[in-house]
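J.:
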Amino acid sequence: MSFPIERIRNFSIVAHIDHGKSTLADRLLLKTETINERDFKNQLLDDMDLEKERGITIKAKSVRMEYTADDGLTYQLNLIDTPGHVDFGYEVSRSLAACEGALLVVDAAQGVEAQTVANAFLAIEGNLEIIPVMNKIDLNTARPDEIDEEMTQTFGFKKGESIRCSAKSGVGIDELLEAITTFVPHPKGERAAPLQALIFDSHYDEYRGVIIYVCVKQGVLRKGEDVILMSSGRKYLVDDVGVFTPGMTPTGILEAGEVGYFFASIKTIHDVRIGDTVTTRLNGATESLAGFKNPNPMVYCGTYPAESGDYEDLRTALDKLWLNDPSFTFLPESSDALGFGFRCGFLGLLHMEIVQERLERESGISVVQTAPTVTYEILQKDQKTLLIDSPSQLPDVMLVEEIREPIVDAHIIVPTEFIGAVMKLMDEKRGEWKKTDYLSPTRVQMSYEAPLAEIISDFYDKLKSSTRGYGTLDYTFNRYRKDSLVRLNILVNGESVDALSVIIHKDIAERKGRLLLKKLKNVIPRHMFQVALQASIGGKIIARETIRALMKNVTAKCYGGDISRKRKLLEKQKEGKKRMKQVGSVAIPQDAFMAILRLDEEDKKK
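Numbered by numbering that gives the first Met the number 0, the letters in the sequence shown go through residues 0 to 605 in order.
(1) For residue 6, does the three-state DSSP call read helix, strand or coil?
(2) Cα separation between residue 130 and residue 347?
(3) DSSP three-state call for residue 350: helix, strand or coil?
(4) In the structure shown, what three-state DSSP assignment does residue 496 receive?
(5) Between 227, 243, 128, 133, which lies nearest to residue 186 when the distance is taken from Cα to Cα?
(6) Nearest-angstrom Cα distance between residue 2 and residue 220?
(7) Let me confirm a value: residue 20 is counted as buried when at least 16 other C-beta atoms fall within 10 Å, else exposed. Which label applies?
(8) In the DSSP assignment, find the unbroken beta strand (DSSP E) run with residue 609 in it and report its ends.
(9) Quick test of your reading: residue 198 and residue 275, contact by CB under 8 Å. State the CB separation rounded to the nearest angstrom.
(10) Can residue 114 be considered in contact with the ligand MN, in the sense that its beta carbon sits closer than 8 Å to one or more heavy atoms?
(11) Which residues share a DSSP beta bridge with residue 279?
(12) Looking at C-beta atoms only, is the number of pairs between the region 248-260 and the region 205-223 that lie closer than 8 Å three or more?
(13) Go ahead and pull the three-state DSSP assignment for residue 421.
(14) So residue 475 packs on residue 412, CB below 8 Å; how close in whole Å?
(15) Ends of the alpha helix (DSSP H) at residue 396?
(16) Thinking C-alpha only, which one of 158, 481, 532 is nearest residue 492?
(17) Jot down the residue ranges of each uninterrupted alpha helix (DSSP H) in the region 495-541, minimum 4 residues, whole runs only, in chain order.
(18) Check whether the Cβ atoms of residue 236 and residue 217 sit closer than 9 Å, and answer yes or no.
(19) Report back the beta-carbon spacing between residue 308 and residue 332 to the nearest angstrom; my notes put them in contact at under 8 Å.
(20) Where does residue 16 sit, in a helix, a strand or coil, going by DSSP?
(21) Counting only the same chain and skipping the five closest in sequence on each side, list residues whose C-beta sits under 7 Å from that of residue 477.
(22) For residue 273, which three-state DSSP category applies?
(23) Please report the straight-line C-alpha distance between residue 349 and residue 528, rounded to a whole angstrom.
(24) Measure how close the beta-carbons of residue 68 and residue 180 come, nearest whole angstrom, since I'm counting them as under 8 Å.
(25) Spatial neighbours of residue 43 within its chain, please: CB distance less than 6 Å, with the 5 preceding and 5 following residues excluded, ordered by chain position.
(26) Under 9 Å between the Cβ atoms of residue 498 and residue 374?
(27) For residue 297, which three-state DSSP category applies?
(28) Which first and last residues belong to the alpha helix (DSSP H) in which residue 455 is found?
(29) For residue 351 and residue 272, what's the separation of their Cα atoms in angstroms?
(30) Less than 9 Å between the C-beta atoms of residue 516 and residue 489, yes or no?
(31) Please state whether the Cβ-Cβ distance between residue 486 and residue 385 is less than 9 Å.
(32) Assign residue 126 to buried or exposed, taking buried as 16 or more other Cβ atoms, counted over all protein chains shown, within 10 Å of its Cβ.
(33) When we look at the beta-carbon of residue 398 and count the other beta-carbons within 10 Å, is it buried (16 or more) or exposed?
(34) The beta strand (DSSP E) spanning residue 139 covers which residue range?
(35) Considering only residues of the same chain and omitting the five flanking positions on each side of residue 162, which have a CB-CB separation below 8 Å?
(36) Around the C-beta of residue 105, are 16 or more other C-beta atoms found within 10 angstroms, so that it is buried, or is it exposed?
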């Protein structure tokens, strides 16, 4: 059935993590009879194993529904469910580009959180119609009137404007569907115009090649047509076109205003770019649509195959993953300790963890990751600046004028009783207070400037524990700022291990160096020879630990007799250990590279 463009509604659900986006999507699917009770399962759109295990949305998902409103007309509703975690904000921005409206969901018990604010501003920047929704009103701890006041103060909604519902029980869902059909504007495209379809996602299928997710802004996309990907100029014949209901359902056609997919036997992964425009080869569009601004990675780490022979397989796996998630980057690099691998950039620590797990699950390759670092700006003596994302890239200290670290604007929302705990934590993390805004008499938003390197380590866990789980965080990059930073080198057996080096503040370098060596001493296994662990800044050794050699009792067979015989055997053993140390290599496990992350835990125990 072809829908008039006036009866199509494209909308997204945005909210903070755990505020009920996926459950609300499930309830809308049931209410519109897109799926029946027999086929239904919780978090239906979260079909990735990792999403089910962690209970979070990682990838945005699209689904088409049909709904007959109170006016008797049937509407086509295209829903895009989005993630809530700060690391997946790029997924949210891509989804919103395909929509005209957004449901801003707030938990009736927890209220406005940091990511609620961040996602709301993304929707406002995209000129979307925002419908405020208060979810979980059936909870015993729900505070609907207080939360309504928070939403009024934070976003400027009118009192009582938000739709109160429970995605779990179904209360208020009819009112919500009516609001979508009434307030969300229909798409503006012309179906007679040349084709312009925006690519907002894609994934790789072994049998059909690249499957491209599109929102058709102008014209019509048909099966069997020749199309062009405008950024690369590559031409393809469309094999099939369809929609998500929520499984892939072939329709043979997508018209202006509709959201769906197509595939065209595209085997070259790098031909497809998220944000690109698809048009027809004959009588196609001359101008491409405004795409997406690719996000800058905030966290970097080295990713190496555990088996050196898996290098090419790892490259292929990264290519396929990049197609589905272009917010991470990778470039080849090599390390003396780990061989050939890739320098990967991520939006945050959770993003890094998810990419590693997806790599191992989807490709079956075991990988070793180095400790995460951030990008630093280096001003050299000749006044040239360069960006580095690894401590090993830092030029010689004689060539460096100053090292600048990335500073972020951090916004923390907490109940008022935890203001002191947040101030203490931010002081430990070298944060500078900017302002405090009261969202309600019991909740505040505290704004700070803080070094990104301090935020990405264990900050989120410490924030949650010091605020009994109530504190929420959102941050955005601000600028690079000069500080007293040095490179802390780690030497194992006299050889510098670049993968263990870190850039750190000068005031805490010695203490952190000692902690790191103690940690490494526990995680690097003993060898047949003595292993020296040293921490240095420039040419100065600031700390040392020694891993004792595994020793065989060579005098066990000597029963009595002259002591010189035992001494001779012990001297012989010592000479053997010396030779072994010269030719032996030290095996460094994955735990050693992650030990840098757990330094603060060790510090706290002391």
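Glycine residues also receive a C-beta, built at the ideal position from the N, C-alpha and C atoms. Remember, it's a predicted structure, so these values are computed and weren't measured experimentally.
T.: In short, the structure shows the following:
(1) Three-state DSSP puts residue 6 in a helix.
(2) If I take the Cα positions, the gap works out to 29 Å.
(3) Correct three-state label for residue 350: helix.
(4) If DSSP states are grouped into helix, strand and coil, residue 496 belongs with coil.
(5) Nearest option by C-alpha distance: 128.
(6) One C-alpha to the other measures close to 15 Å.
(7) Looking at its Cβ environment, which holds 16 or more other Cβ atoms inside 10 Å, residue 20 is buried.
(8) With the chain represented from 0 up to 605, any question about residue 609 goes unanswered, as that position is not in the structure.
(9) Contact between residue 198 and residue 275 holds: their C-beta atoms lie close to 5 Å from each other, under 8 Å.
(10) Looking at this structure, you won't find the ligand MN or any other ligand, since it has none at all.
(11) Answer is 226.
(12) Enough Cβ pairs lie closer than 8 Å, so yes.
(13) Annotated three-state conformation of residue 421 is helix, per DSSP.
(14) At roughly 15 Å, the Cβ-Cβ gap does not stay under 8 Å, so residue 475 and residue 412 are not in contact.
(15) Element bounds for residue 396: n/a, residue is neither H nor E.
(16) Per the Cα distances, 532.
(17) Within the region 495-541, the complete alpha helix (DSSP H) segments of 4 residues or longer fall at 505-522, listed in chain order.
(18) No, Cβ-Cβ distance for residue 236 and residue 217 is not below 9 Å.
(19) At roughly 18 Å, the Cβ-Cβ gap does not stay under 8 Å, so residue 308 and residue 332 are not in contact.
(20) In the structure shown, residue 16 sits in coil (DSSP, three-state: anything other than H, G, I, E or B).
(21) Taking residue 477 as the centre and dropping the five residues before and after it, the same chain places the C-beta of 406, 407, 408, 448 closer than 7 Å to its C-beta, in chain order.
(22) Three-state result, residue 273: coil.
(23) Rounded to whole angstroms, residue 349 to residue 528 spans 38 Å at the Cα level.
(24) Residue 68 to residue 180, Cβ: 5 Å. Contact.
(25) Note that residue 43 has pLDDT 48, beneath the 50 cutoff, so the model's placement of it is unreliable and the number below is only indicative. Excluding sequence neighbours, residue 43 sits near 25.
(26) Annotated as distal: residue 498 and residue 374, with beta-carbon spacing of 9 Å or more.
(27) Taken through DSSP and simplified to helix, strand or coil, residue 297 comes out as coil.
(28) In the DSSP annotation of this structure, the continuous segment of the alpha helix (DSSP H) that includes residue 455 starts and ends at 451-455.
(29) Residue 272 has its alpha-carbon roughly 21 Å from the corresponding atom of residue 351.
(30) The criterion of a C-beta distance shorter than 9 Å is satisfied by residue 516 and residue 489.
(31) Taking 9 Å as the cut-off, the beta carbon of residue 486 is found no closer than this to the beta carbon of residue 385.
(32) Looking at its Cβ environment, which holds fewer than 16 other Cβ atoms inside 10 Å, residue 126 is exposed.
(33) Classification of residue 398: exposed, given that the 10 Å Cβ count is below 16.
(34) No residue range can be given for residue 139, since it is assigned to no beta strand (DSSP E) and is classified by DSSP as neither H nor E.
(35) Cβ neighbours of residue 162 beyond the five flanking positions: 130, 131, 132, 133, 171, 174, 175, 178.
(36) When all chains shown are included, residue 105 counts as buried.
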